[in-house]
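Working notes, beginning with the structure itself.
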Amino acid sequence: MSDYIVGLTGGIGCGKSTVTAMFAELGVQYVDADIVAREVVMPGSVCLNAIQRYFGDNILQVNGELNRAALRQRIFSNSADKRWLEQLLHPAIRQQLLQQLAALTSPYALLVAPLLLENKLQQYVQRVLVIDLPESLQLSRAAARDNAGEAQIKAIMAAQISRDERLKLADDIITNDSSIADLTPQIGALHQRYLQLASAH
């Protein structure tokens, strides 16, 4: 098991996937909270069965998978439904994250989570690494990537903690306001640092 875990987080469109892939190329293993969140609602899962019972059959697609768009609409307008869903999913996701982290074997590992700080997952990591860029750039990159409207992205940004708060809680910061070439030395330096910290841990 990797005894040293770095929590990697950042707002929408800040380049978490790119940075994670670059660490992975250096042999660093990781668990991605977004992937785990999809795994816990796979067809046949306890969570999906509970969601179907609570929201009804029309919350499923024809192939039996969760209809995420329909679910988003339901919880967007109903805080009680949103609370119910969070109480079901958060413990299941957390348990799965911890199980997957326990199976990793690289000298240190990453816990990649957009809502690391919002969901208090930093208690499971030794350091918090924030990928940062100006909010205007965040907006344009997320819109281009997700083919989404500005209002929708602003709503997602508003649901996350502010950039200032995130930076205050960071142990390390990668600035991703330029090119991939600019990321390489930042990631290389942090990689060496984390290897040292992990061996001393």
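When you number the sequence shown by our numbering, it's gap-free, plus one each residue, and the end is 503. Glycine residues also receive a C-beta, built at the ideal position from the N, C-alpha and C atoms. No experiment lies behind these values; they were computed from the predicted model shown.
For N421, tell me which candidate among R443, Q389, L439, A323 has the shortest Cα-Cα distance. The candidate whose alpha carbon is nearest that of N421 is Q389.
Out of curiosity, what's the CA-to-CA distance linking K456 and A446? 14 Å
Using only the alpha-carbon positions, how far apart do L403 and Y356 sit? 31 Å
Burial state of D334, where buried means 16 or more other Cβ atoms lie within 10 Å: buried
Just checking, does the stretch 359-379 make contact with the stretch 320-339 on the three C-beta pairs under 8 Å criterion? no
On the three-state DSSP scale, how would you describe A472? The answer is coil: DSSP assigns A472 none of H, G, I, E or B.
Neighbourhood of I489 by C-beta distance below 6 Å, restricted to the same chain and skipping five residues each side: M324
Between the C-alpha atoms of L349 and W386, what's the straight-line distance to the nearest angstrom? This sequence places Cys at residue 349; Leu is not what is there. One C-alpha to the other measures close to 12 Å.
Within a Cβ cutoff of 6 Å, which residues of the same chain sit near G309, ignoring the five residues on either side of it in sequence? L413, L418, Q424, V427, V430
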